[in-house]
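Position one of the sequence shown corresponds to residue -14 (my numbering), numbered consecutively onward.
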Amino acid sequence: MVKLLSIALLSVLFSGPLAALEYEDHDSMLMDHGDGHLMDMAGGMVMGQNADTLPGGCKSISETKEVTVHAGHKYAEKFPGRMFAFDTQEFKFKPCTKLTVHFINEDNIRHQWMMHGLPKYLYPKGMFHLEASGPSKISGTLILPPGDKTYLVHCDIAQHMEKGMKAQLKVGDGDGDLPSIPGVTAYIEADDYNATLPELAAKAEIDAKSTPVVASVSPAAGKVVKQEDSIFSGITVIGLAIGLLAAPLLGRTFKGMTAAEAIAHSIDFFKKMLGILASPFSRLIKLFNTKKNKILPKK
Ligand SMILES: [Cu+2]
């Protein structure tokens, strides 16, 4: 019960900032950091902006185009098994087009419109990249290279591309299709929606009966449950001990307080305790993360 109450309390405390939902227009707030890198303090970013320099092989700008791309969970609804998507999966432009992309993120999370494979002498790491945190709009301009080529466009946030936020941009006739573009090309790993749930459950049951390995696993599984039981009771005992020790102390603290004051005081105490408990863990996690970074090769 106490657990449930504290969870409820925490969710009320943290849901406050999320309640205020509005669209943000980053375009008027961006600061130019040079080299086509623009950024603001509200989570908007443009990288690889290029509105003036012609890529090698372009004699002039062939066309000036603007495109508005929406991104969000709701655009994935028509693609079974996908979670995120752009509203457009395929773009086509003439070589040497000056293209302005207006990117509108409709989710309460971060999304990107990131294009790869551009000439590196002109675009840092060969990328043109728009990024928006939360429901907002951001715009950027680039000049497409000459030649027929298909470029990958995706959101680079972990798992967003795998979950559907992927598109292709063909300059000229393109040079083929990319795999796993929702609604355009076949998935590399196709999901099976032909079997119904009862059928799958029946199949799993037959598999379980016919596989002897499962029988030898189940006693071990029993052990695991037992272990969890003992951990839980250990925590319960510690909790009870802390409670017993703290009771007289708290009794003294709450003396003369109104109910509201007592609650406010408890929340404060609870927050402090959480901070004390969390700090060694976060330091430990940081330690592991820095070690991991050292091992990973540079991109
Ligand atoms: Cu995303």
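Virtual Cβ for every residue (Gly too), placed ideally from N, Cα, C.
- The beta carbon of His101 sits closer than 7 Å to those of Gly111, Met112, Tyr136 and Leu137, all from its chain and outside the five residues before and after it, given in chain order.
- The continuous stretches of beta strand (DSSP E) do not include Ala186, which lies in the alpha helix (DSSP H) extending over residues Leu182 to Ser195.
- Spanning the alpha carbons of His139 and Asp162 requires a straight line of approximately 14 Å.
- Residue pairing by DSSP places Ser124 opposite His87 in a beta bridge.
- Fully enclosed beta strand (DSSP E) runs of no fewer than 3 residues occupy 113 to 118, 121 to 128, 134 to 139 and 151 to 156 of the region 111 to 163, in order along the chain.
- The beta carbon of Ser118 sits closer than 6 Å to those of Gly28 and Arg95, all from its chain and outside the five residues before and after it, given in chain order.
- A residue is called buried once 16 or more other Cβ atoms fall within 10 Å of its Cβ, and Lys188, having fewer, is exposed.
- Counting only residues of its own chain and dropping the five nearest sequence neighbours on each side, Gly66 has a CB closer than 6 Å to the CB of Asp176.
- If one requires a minimum length of 3 residues, the beta strand (DSSP E) runs lying completely within the region 25 to 110 are 29 to 32, 48 to 57, 75 to 78, 82 to 90 and 95 to 100, in chain order.
- Looking at the backbone, the Cα of Leu15 and that of Val52 are separated by about 20 Å.
- Inclusion of Phe69 and Gly149 in the CB contact set at 7 Å is warranted, their separation being smaller than that value.
- Apart from the 5 residues on each side of it in sequence, Glu48 sits with its Cβ closer than 6 Å to the Cβ of Lys79 and Thr82 in its chain, given in chain order.
- Here the alpha carbons of Ser45 and Val156 stand approximately 15 Å from one another.
- Taking the Cβ of Ile123 as the reference point, every heavy atom of ligand 1 lies at 6 Å or farther away.
- In this structure, the CA atom of Leu154 is about 16 Å from the CA atom of Gly125.
- By the criterion of a C-beta distance shorter than 7 Å, Leu115 is surrounded in its chain by Val31, Val86, Phe88, Gln97, Trp98, Ile123 and Gly125, once the five residues flanking it on both sides are discounted.
- Secondary structure of Asp10 (DSSP, three-state): strand.
- Within the same chain, no residue comes within 6 Å of Ala143 by CB-CB distance, once the 5 residues on both sides are set aside.
- Under the three-state reduction of DSSP, Asp253 is assigned to helix.
- Gly33 and Pro104 do not touch by the CB rule: their CB atoms are close to 11 Å apart, not below 8 Å.
- DSSP places Leu15 in the coil class of the three-state scheme, outside both helix and strand.
- Using a cutoff of 6 Å, the CB of Cys140 counts as near ligand 1, since one of the ligand's heavy atoms is closer than that.
- The C-beta distance from Val54 to Asp25 rounds to 19 Å, too long to fall under 8 Å, and the pair is not in contact.
- Remark: the C-beta of Met150 is in contact range of ligand 1, defined as less than 6 Å to any heavy atom.
- The beta carbon of Gly57 lies closer than 6 Å to those of Glu91 and Asp92 in the same chain, with the five residues before and after it left out.
- Taking non-hydrogen atoms of ligand 1 into account, the C-beta of His145 is found less than 6 Å away from one of them.
- With contacts defined by Cβ atoms closer than 7 Å, Lys50 and Leu84 form a contacting pair.
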